[in-house]
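Residue numbers (the numbering used here), protein chains in the order written: chain A, 14 to 232; chain B, 12 to 279.
Take a look at the structure below.
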Amino acid sequence: MFSTLAPILLQATGETLYMVAAALTLGTSMGLPLGVLLATSGRGELFEALWFQRIFGPIVNATRSVPFIILAVAIIPFTRLIVGTSIGTSAAIVPLTVAAIPFIARIIEGAIREVDSGLIEAAQAMGARPVQVVTKVLLPEALPGIIHGLTLTAVTLIGYSAMVGAVGAGGLGDLGIRYGYQRFRPDVMAAVVITLIVVVQAVQSSGDWMARKADKRNI
Amino acid sequence: MIRLSNVQKTYAARRGSEEHTALRGIDLDIAAGEIVGVIGRSGAGKSTLIRCINLLETPTSGSVVVDGTDVTKLSKRDLPLFRRQLGMVFQHFNLLSSRTVYDNIALPLELAGASKAEIAEAVNPLLPLVGLEEKRDRYPAELSGGQKQRVGIARALSSSPKVLLCDEVTSALDPETTRQILNLLKDINKRLGLTMVVITHEMAVVKALCDRVAVMDGGVIVEEGLVDGIFANPVHDTTKSLLADEFVEFRAGQSSNQSSDQSNGQED
């Protein structure tokens, strides 16, 4: 039994990791600048732009208030536009990324707001330009918090990736539903659950380790 | 070197706070190489005053001339370039926790686009000057308060500024460390001929460090002159009461000497 289960389990795990890694990367590439601007565009802040907050604040909140499974179905036309299909592992990356962007943006915003404002003042007194304040002070000082937040995002995305299994993507969620649930294979279900636990545990542990490495505040 | 003429600063009213005037017409002349103290109680406007010199605060009106340039007229693009000519040291050090001692001191040069070699050339001699050779690769979390402030001073000096702005630099330190830091600043002033503006609420700091002092109250300078003269013959009530505080602190300091000796051992 194990010999037939192992290859499909391995393949499903690979698909899940691929979806999560792609969504995390794409989500960070867009969520990071969005989060930085949300944290620095307030009144009297580095890049004061109240219109930005007024427009993007509500958009971020709206995206975050839609349950993921609804979001995934609702944006199918958009997914088709980008990938050409709404079915499959690659197609699932689109809703996962759309859900990850506001999540990551809020996490980055929070981590940056934690940085002591005295450091911003010191950097400006040294002659830092606003972009340098972000790259040389805010992001390095917020790094431990950002790593913690991205770890949290990765774990959340693993959960979401199992949900997109329900709408035609591959991965561990799809395996669990089709084999474990619909074909009454409790052994497959158990294998899927255990694999998910192991993957989440590994992601969390390595995230914690990296955050600890980056944190020089308590040595 | 620095000339403030009729500098006013008013913070506009916002939700939950009324309009507030922090500076009501400040005139102050600071000559090159001089150490000038600005003393006052909290809320007197001294922190706003020092921030008007490097434009961390923009004066509402009046002019701030540094080294012949009216800096209130500088564009946003030129402002960072101007600020690199001034070093600033802070009460709470404001060091980057993610950078080592060396990299903290190197930051102003990095911001100015200096090469690795140029940075090493500037930072390496500063480490012995502030007595931190052995802490070169340590992080701020591993340092005592006095050591952190030494890093803050070295960082302010690394871009070879003409002026050093000191904002309550000893207020977070114990008496013995305060003495060491003040000696270091005095030594730096002698060796490098830097102009210094020192904000404080302690007369002892003025006495130990400054040539001249301006006493602030309610957003104006109420009394100004050579330190010796002000100490010998204070005229304004604020000056008298600040001097009286000193006497009380001096006596309180004597009785608590033994307890502070123990913590001294950990410093530097």
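Where a beta carbon is used, it is the ideal one built from N, C-alpha and C, also for glycine.
Legend entry - Test item: CB-CB of R149 (chain B) and V112 (chain B) under 8 Å: On the second sequence, residue 149 (chain B) is found 138 positions in, with the first residue counted as 1. On the second sequence, residue 112 (chain B) is found 101 positions in, with the first residue counted as 1. It is a contact, given that the beta carbons lie within the stated cut-off.
Inset, instruction - Whole angstroms is fine: what's the gap from L209 (chain A)'s alpha carbon to D221 (chain A)'s? - result: For the purposes of this step, residue 209 (chain A) is identified with residue 196 of the first sequence, where counting begins at 1. For the purposes of this step, residue 221 (chain A) is identified with residue 208 of the first sequence, where counting begins at 1. If you take the alpha carbons of L209 (chain A) and D221 (chain A), they lie about 18 Å apart.
Inset, instruction - Could you check if I214 (chain A) is buried or exposed, using at least 16 other CB atoms within 10 Å of its CB as the buried criterion? - result: Residue numbering aside, residue 214 (chain A) sits at position 201 when the first sequence is read from its first letter. At residue 214 (chain A) the sequence reads Gln, which differs from the Ile that was named. Exposed, by the Cβ-count rule.
Legend entry - First and last residue of the uninterrupted beta strand (DSSP E) at Y113 (chain B): Looking up residue 113 (chain B) in the second sequence gives position 102. Note, Y113 (chain B): premise wrong, no beta strand (DSSP E); alpha helix (DSSP H) at V112 to L122.
Inset, instruction - Go ahead and pull the three-state DSSP assignment for H103 (chain B). - result: Translated into the one-based positions of the second sequence, residue 103 (chain B) becomes position 92. Three-state DSSP puts H103 (chain B) in coil, outside helix and strand.
Legend entry - For N65 (chain B), three-class secondary structure by DSSP: In the second sequence, counting from the first residue as 1, residue 65 (chain B) sits at position 54. Note: N65 (chain B) maps to coil in three-state DSSP.
Inset, instruction - Output yes if chain A places a C-beta closer than 8 Å to the C-beta of G27 (chain B); else output no. - result: Locating residue 27 (chain B) in the second sequence gives position 16, where the first residue counts as 1. No - not a single Cβ of chain A is within 8 Å of the one on G27 (chain B).
Inset, instruction - Give the single residue among A:A167, A:I95 and A:I121 whose Cα lies nearest to the Cα of T53 (chain A). - result: Position 40 of the first sequence, counting from 1, holds the residue named residue 53 (chain A). When each option's Cα is compared against that of T53 (chain A), the closest is A:I121.
Inset, instruction - Grab the span of the alpha helix (DSSP H) containing A135 (chain A) for me, first residue to last. - result: Within the first sequence, the letter at position 122 stands for residue 135 (chain A). Its alpha helix (DSSP H) spans residues S130 to A138.
Legend entry - Any C-beta of chain B under 8 Å from that of R126 (chain A): Stepping through the first sequence from its first residue, residue 126 (chain A) is reached at position 113. Output row for R126 (chain A): interface = no.
Legend entry - Among B:G51, B:S28 and B:E29, the one whose alpha carbon lies nearest that of S252 (chain B): Counting from 1 along the second sequence, the entry for residue 252 (chain B) is found at position 241. Selected option, being the one with the closest Cα: B:G51.
Legend entry - Neighbouring residues, chain A, relative to H103 (chain B) (Cβ below 7 Å): Locating residue 103 (chain B) in the second sequence gives position 92, counting from the first residue. Ordered by position in chain A, the residues that pass the 7 Å Cβ test against H103 (chain B) are G131.
Inset, instruction - Excluding the 5 residues preceding and the 5 following L97 (chain B) in the sequence, name in chain order all residues of the same chain whose CB lies nearer than 8 Å to its CB. - result: Residue numbering aside, residue 97 (chain B) sits at position 86 when the second sequence is read from its first letter. Cβ within range, chain order: I64, N65, V77, P172, K173, V174, L175 and L176.
Legend entry - Close beta carbons around I167 (chain A), own chain, < 8 Å, minus the five adjacent residues each side: The residue you call residue 167 (chain A) lines up with position 154 of the first sequence. Note on residue identity: the sequence assigns Ala, not Ile, to residue 167 (chain A). These residues qualify, in order along the chain: V33, L37, V216 and G220.
Inset, instruction - Give a yes or no on whether the C-beta atoms belonging to K149 (chain A) and L137 (chain B) are separated by under 8 Å. - result: Locating residue 149 (chain A) in the first sequence gives position 136, counting from the first residue. Locating residue 137 (chain B) in the second sequence gives position 126, counting from the first residue. It is not a contact, given that the beta carbons lie outside the stated cut-off.
Legend entry - Residue-level contact to chain D via CB, P70 (chain B), 8 Å cutoff: Note that chain D does not occur in the displayed structure, where the protein chains are A and B.
Legend entry - Straight-line Cα distance separating G131 (chain A) from P115 (chain A): Reading the first sequence from its first residue, position 102 is the one you call residue 115 (chain A). Reading the first sequence from its first residue, position 118 is the one you call residue 131 (chain A). Going from the Cα of P115 (chain A) to the Cα of G131 (chain A) covers about 28 Å.
Inset, instruction - Would you list, in sequence order, the uninterrupted alpha helix (DSSP H) runs of no fewer than 4 residues that lie entirely inside the stretch 76-117 of chain A? - result: 81-87 and 89-96
Inset, instruction - Could I get the ranges of all uninterrupted beta strand (DSSP E) runs contained in the stretch 131-193 of chain B, with 3 residues as the minimum, in chain order? - result: 174-178
Legend entry - I21 (chain A), DSSP secondary structure in three states: As a first step, residue 21 (chain A) is located in the first sequence; it is residue number 8 there, counting from the start. The answer is helix: DSSP assigns I21 (chain A) an H, G or I state.
Inset, instruction - Sort A:A35, A:S42 and A:I68 by Cα distance to L51 (chain A) and report the nearest one. - result: For this step, residue 51 (chain A) is matched to residue 38 along the first sequence. Checked all of A:A35, A:S42 and A:I68; the closest Cα to L51 (chain A) is A:I68.
Inset, instruction - Would you verify that the beta carbon of R142 (chain A) is, or is not, closer than 8 Å to some beta carbon of chain B? - result: Numbered from its first residue, the first sequence carries residue 142 (chain A) at position 129. Interface residue, yes.
Inset, instruction - Spell out whether any CB of chain A is found under 8 Å from the CB atom of R94 (chain B). - result: Within the second sequence, the letter at position 83 stands for residue 94 (chain B). Taking Cβ atoms only, chain A reaches closer than 8 Å to R94 (chain B), which makes this a yes.
Inset, instruction - Answer yes or no: do F15 (chain B) and V75 (chain B) have a C-beta to C-beta separation smaller than 8 Å? - result: If you number the second sequence from 1, residue 15 (chain B) lands on position 4. If you number the second sequence from 1, residue 75 (chain B) lands on position 64. Going by the sequence as given, residue 15 (chain B) is Leu instead of Phe. The answer is yes: Cβ separation under 8 Å.
Legend entry - Backbone CA spacing between T71 (chain B) and E132 (chain B) [nearest angstrom]: As a working mapping, residue 71 (chain B) is identified with position 60 in the second sequence. As a working mapping, residue 132 (chain B) is identified with position 121 in the second sequence. Roughly 40 Å separates the two Cα atoms.
Legend entry - Counted within 10 angstroms of its Cβ, other Cβ atoms place Q269 (chain B) as buried (16 or more) or exposed: Locating residue 269 (chain B) in the second sequence gives position 258, counting from the first residue. Caution applies to Q269 (chain B), whose pLDDT of 44 falls short of 50 and renders its modelled position unreliable; the value that the coordinates give is listed next. By the 10 Å Cβ count, Q269 (chain B) comes out exposed.
Legend entry - Min CB distance P119 (chain B) to chain A below 8 Å: Here residue 119 (chain B) refers to the residue found at position 108 when the second sequence is read from its first residue. Yes, because at least one Cβ of chain A sits closer than 8 Å to the Cβ of P119 (chain B).
Inset, instruction - Just the chain A side, please: which residues come within less than 9 Å of E179 (chain B) by C-beta, in chain order? - result: The sequence position of residue 179 (chain B) within the second sequence is 168, counting from 1. Correct list: empty, because the minimum Cβ distance to chain A is about 12 Å.
Inset, instruction - Note down, one range per segment and in chain order, each alpha helix (DSSP H) of at least 4 residues found wholly within the stretch 209-265 of chain B. - result: 214-220 and 238-243
Legend entry - Own chain partners of L39 (chain A) with C-beta closer than 6 Å, once the 5 adjacent residues on each side are dropped: The residue labelled residue 39 (chain A) in the question sits at position 26 within the first sequence. If we look at L39 (chain A) and ignore the five residues flanking it on each side, its Cβ neighbours are T110.
Inset, instruction - Go ahead and pull the three-state DSSP assignment for S267 (chain B). - result: Locating residue 267 (chain B) in the second sequence gives position 256, counting from the first residue. Here the model assigns S267 (chain B) a pLDDT of 49, short of 50, so the residue's position is not dependable and the matter cannot be decided.
Inset, instruction - State the DSSP-derived secondary structure class of Q96 (chain B), mapped to helix, strand or coil. - result: For the purposes of this step, residue 96 (chain B) is taken as residue 85 along the second sequence, with counting starting at 1. Q96 (chain B) falls in the coil class under three-state DSSP.
Inset, instruction - Might you give, ordered along the chain, the residues of its own chain that have their beta carbon closer than 7 Å to the beta carbon of K159 (chain B), omitting 5 neighbours on each side? - result: Locating residue 159 (chain B) in the second sequence gives position 148, where the first residue counts as 1. Once the five neighbours on either side are set aside, the close Cβ partners of K159 (chain B) are F104, L106 and P151.
Legend entry - Which of helix, strand or coil DSSP assigns to N275 (chain B): In the second sequence, the residue the question calls residue 275 (chain B) occupies position 264. Residue placement at N275 (chain B) is poorly supported in this model, since its pLDDT is 42, which falls under 50; the coordinates are not used for a value here.
Inset, instruction - For R32 (chain A), name the three-state secondary structure that DSSP assigns. - result: Sequence index remark: in the first sequence, residue 32 (chain A) carries index 19 (1-based). Here the sequence assigns Met to residue 32 (chain A), which means Arg is not the residue at that position. Residue state, collapsed to three classes: helix.
Inset, instruction - Enumerate in chain order the residues of its own chain whose CB-to-CB distance from A165 (chain B) is below 6 Å, with the five nearest sequence positions on each side excluded. - result: Your numbering for residue 165 (chain B) matches position 154 in the second sequence. Excluding positions up to five away in sequence, the list reads I116, L137 and V141.
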